[in-house]
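Visitor: If you use this note's numbering, the sequence shown corresponds to residues 69 to 408, in order.
We put the CB at the ideal spot given by N, CA and C, even for glycine.
As the structure is a computational prediction, the values presented were derived from the model and not from experiment.
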Amino acid sequence: MENKKKILIINSGGTICMSKTDGGYAPDLKVFRDSLEKLAELSAPEMPTWEMINLEPLLDSSNIAVDEWNKIGKVIEENYDKYDGFVILHGTDTMAYTASILSFALENLGKPVIITGAQIPLCELRSDGKDNLITSLMLAASDRIFEVGIYFANKLFRGNCTIKFSASDFIAFNSPNLPPLATAGIHIDYNDSLLLPKPTKPFRRQVIRKVPIGVIKVFPGIQFGLFERIMTEDLKGIVVETFGAGNIPNSSGSALLPIIEKAYKNGSIITVCTQCPQGTVMLGTYQTSAALKSVGAVAGREMTTEAAVAKLYYLFSKDLTPDEVRIQMETPLRGEESYL
Ligand code: ASP
Numbered sequence: 069m070e071n072k073k074k075i076l077i078i079n080s081g082g083t084i085c086m087s088k089t090d091g092g093y094a095p096d097l098k099v100f101r102d103s104l105e106k107l108a109e110l111s112a113p114e115m116p117t118w119e120m121i122n123l124e125p126l127l128d129s130s131n132i133a134v135d136e137w138n139k140i141g142k143v144i145e146e147n148y149d150k151y152d153g154f155v156i157l158h159g160t161d162t163m164a165y166t167a168s169i170l171s172f173a174l175e176n177l178g179k180p181v182i183i184t185g186a187q188i189p190l191c192e193l194r195s196d197g198k199d200n201l202i203t204s205l206m207l208a209a210s211d212r213i214f215e216v217g218i219y220f221a222n223k224l225f226r227g228n229c230t231i232k233f234s235a236s237d238f239i240a241f242n243s244p245n246l247p248p249l250a251t252a253g254i255h256i257d258y259n260d261s262l263l264l265p266k267p268t269k270p271f272r273r274q275v276i277r278k279v280p281i282g283v284i285k286v287f288p289g290i291q292f293g294l295f296e297r298i299m300t301e302d303l304k305g306i307v308v309e310t311f312g313a314g315n316i317p318n319s320s321g322s323a324l325l326p327i328i329e330k331a332y333k334n335g336s337i338i339t340v341c342t343q344c345p346q347g348t349v350m351l352g353t354y355q356t357s358a359a360l361k362s363v364g365a366v367a368g369r370e371m372t373t374e375a376a377v378a379k380l381y382y383l384f385s386k387d388l389t390p391d392e393v394r395i396q397m398e399t400p401l402r403g404e405e406s407y408l
């Protein structure tokens, strides 16, 4: 008899396992378990076998941060040899952050880690959770995936290239710079040329630290002086979301550059991302970005803000010097940049 693949589902919460309460939707394990039991497809012969661990407490993903990332990572580490792949159930709101951080923290990942969820709870009519879960289990049983992906609405995306794109559509995610790794139509079509290769070194997990990081979104008329007070030595990394290819206002009176320079001298790593969902940051293309380069900012290239924040968390969780972090920020580690 064919050896069935064994998948571990790690349930962290999110809409997929919620029910309606007087105060709005909230995780409800009993209702979720009842809905799962009604899904005969989950025990169909074509399906891998699976077991589920429910994290405690189940959370709306708005409440997921460093502690929960480490909890999920630890469950994967402890069960790495026992299962062929992992499915993480997660709220959609911060799914792209969790996917990004896990892509870095799970070093030399040699098995699929597929993150999914739903826009409508599994217990409700018209839930998108059923297909998302069933297909994620199939993807987690694949022999070709050695990375962290987000599966949603028929598409598997590289987790660290993905953004939440719609608060209401079933197509909630998008990967504006990188085509899907796989598309689930009648068959699951893999984009083999994009998939990361199988690692040669042994799996290891990096514990993530609570690193102080800031994100500044530039807008016309921004009063940079207001940010000066937060630019202390305590701030390890700053992601600046700029206009276009990395541009910021640099007209006379713009106070950003001295502040960025001060942050640089303090050892903070300034990473420049773009507010455009698509395209790449090229510092120095315009005069309005050349100055950022001259004060030591790092070009985030195609990195999403989510990936840049996650990469800063990851690199500062290792004992690297600011210069080493700067170099690594500009080096693609898990297919998160330099692919355009
Ligand atoms: N607020 C929910 C969450 O992120 C939204 C969702 O899951 O779709 O947990």
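Which value, in whole angstroms, describes the spacing of the CA atoms of Ala167 and Val283?
Guide: Taking C-alpha positions only, Ala167 is separated from Val283 by approximately 19 Å.
Visitor: Find out if the Cβ-Cβ distance for the pair Gly185, Phe271 is shorter than 8 Å.
Guide: no
Visitor: Starting from Thr373, trace the alpha helix (DSSP H) in both directions and tell me its first and last residue.
Guide: Thr373 to Phe384
Visitor: Would you identify the three-state DSSP class for Leu303, choosing helix, strand or coil?
Guide: coil
Visitor: Give me the DSSP bridge partner(s) of Pro95.
Guide: Met86
Visitor: Can you give the beta carbon distance from Ile231 to Pro244, rounded, assuming they're within the 8 Å contact cut?
Guide: 7 Å
Visitor: Can you name the start and end residues of the alpha helix (DSSP H) that Met120 belongs to?
Guide: Per DSSP, Met120 belongs to no alpha helix (DSSP H); it is in the beta strand (DSSP E), Thr117 to Leu127.
Visitor: Determine the contact status of Leu351 and Ala365, defining contact as a CB-CB distance below 8 Å.
Guide: yes
Visitor: Comparing the CB of Asp128 with every heavy atom of the ligand ASP, is any distance shorter than 7 Å?
Guide: yes
Visitor: Taking the C-alpha atoms as reference points, what is the distance between Phe154 and Leu205?
Guide: If I take the Cα positions, the gap works out to 8 Å.
Visitor: For a test of the three-state rule: what should DSSP assign to Phe195, helix, strand or coil?
Guide: The sequence as given places Ser at residue 195; Phe does not occur at that position. Three-state DSSP puts Ser195 in coil, outside helix and strand.
Visitor: To the nearest angstrom, how far is the alpha carbon of Tyr151 from that of Asn315?
Guide: 46 Å
Visitor: If distances are taken between C-alpha atoms only, which option among Ala173, Tyr93 and Phe100 comes closest to Trp137?
Guide: Taking each of Ala173, Tyr93 and Phe100 in turn and checking the Cα distance to Trp137, the smallest one comes out for Ala173.
Visitor: So the alpha helix (DSSP H) Lys139 belongs to, where does it begin and stop?
Guide: Val134 to Asn147
Visitor: Between Thr230 and the ligand ASP, is there a pair consisting of the residue's CB and a ligand heavy atom that are separated by less than 7 Å?
Guide: no
Visitor: Whole angstroms is fine: what's the gap from Met69's alpha carbon to Trp118's?
Guide: Note that Met69 scores a pLDDT of 48, beneath 50, so its modelled location is shaky; the value from the coordinates is reported in the next line. Going from the Cα of Met69 to the Cα of Trp118 covers about 18 Å.
Visitor: If we define contact as Cβ-Cβ less than 8 Å, is Glu114 a contact residue for chain C?
Guide: This model lacks chain C altogether, as it is built from one protein chain only.
Visitor: So what's Phe295 in DSSP terms, helix, strand or just coil?
Guide: Helix.
Visitor: Determine which residues share a DSSP beta bridge with Val155 and list them.
Guide: In DSSP, Val155 forms a bridge with Ile77 and Ile182.
Visitor: Between Gly81, Arg277, Asp199 and Asp260, which lies nearest to Tyr93 when the distance is taken from Cα to Cα?
Guide: Gly81
Visitor: For Pro326 and Asp302, which I take to be in contact (beta-carbon distance under 8 Å), what is that distance rounded to the nearest angstrom?
Guide: Contact between Pro326 and Asp302 is absent: CB atoms are separated by about 19 Å, not below the 8 Å threshold.
Visitor: DSSP beta-bridge partners for Cys341?
Guide: Glu309
Visitor: Can you tell me which residues form a DSSP beta bridge with Glu175?
Guide: Arg272
Visitor: By the three-class DSSP mapping on this structure, what secondary structure does Met69 have?
Guide: Low confidence applies here, because Met69 scores a pLDDT of 48, under 50, leaving its location unreliable; read the following figure in that light. It is coil, neither helix nor strand.
Visitor: Just checking, does the region 355 to 375 make contact with the region 202 to 216 on the three C-beta pairs under 8 Å criterion?
Guide: no
Visitor: Check Leu201 in the structure and name its three-state DSSP category.
Guide: helix
Visitor: Is the beta carbon of Ile337 less than 8 Å from the beta carbon of Pro390?
Guide: yes
Visitor: With DSSP run on the structure shown, which of helix, strand or coil describes Arg212?
Guide: coil
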